[in-house]
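Enquirer: Below is a structure I'd like to ask you about.
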Amino acid sequence: MVSRGSTAGDDPIVPLLEEVAETHHRVFRISDGADDDWASWYADWLLNLSELPQLLGSRPVRSHLVHALVDLDREQVRSRGDAPWPPFYAEGLRKRFTA
272 MVSRGSTAGD DPIVPLLEEV AETHHRVFRI SDGADDDWAS WYADWLLNLS
322 ELPQLLGSRP VRSHLVHALV DLDREQVRSR GDAPWPPFYA EGLRKRFTA
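If you use our numbering, the sequence shown corresponds to residues 272 to 370, in order.
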């Protein structure tokens, strides 16, 4: 497991977030990836089809993960709008859910 002190460059959560974004975009290709309920879709995929629970050391409650993703989206837009979102989200998810 990666420690809390890991950098975004070596955090294995970053590629998971990139993969879920790419997968979501493919699934919703007819709408060019547009999905108002994206956070629910991401949470389901991350919890059931990825290693996220193992990387965090615990399995977040789905609704808590959805809420965290929405909060991170708002925070990222507000504070670092043009910075890559996956490292920002990875750090935020670790802060919220690492056991």
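Just so it is clear, CB atoms sit at the ideal spot from N, CA and C, and this is done for glycine as well. Predicted model only: the values in this text are computed from it and were never measured.
If you draw a straight line from the C-alpha of valine 341 to the C-alpha of aspartate 281, how long is it?
Expert: About 24 Å.
Enquirer: Counting only runs that start and end within the segment 330 to 366, where is the alpha helix (DSSP H) found for 4 or more residues in a row?
Expert: Those alpha helix (DSSP H) runs which fall completely within the segment 330 to 366 and span 4+ residues are 333 to 351.
Enquirer: When we look at the beta-carbon of leucine 320 and count the other beta-carbons within 10 Å, is it buried (16 or more) or exposed?
Expert: With fewer than 16 Cβ atoms within 10 Å of its Cβ, leucine 320 is classed as exposed.
Enquirer: Quick check: the Cα distance between phenylalanine 368 and serine 302, rounded to an integer number of angstroms?
Expert: Whole-angstrom Cα-Cα distance: 32 Å.
Enquirer: Are the CB atoms of valine 291 and alanine 361 within a distance shorter than 8 Å?
Expert: No, they are not a contact pair.
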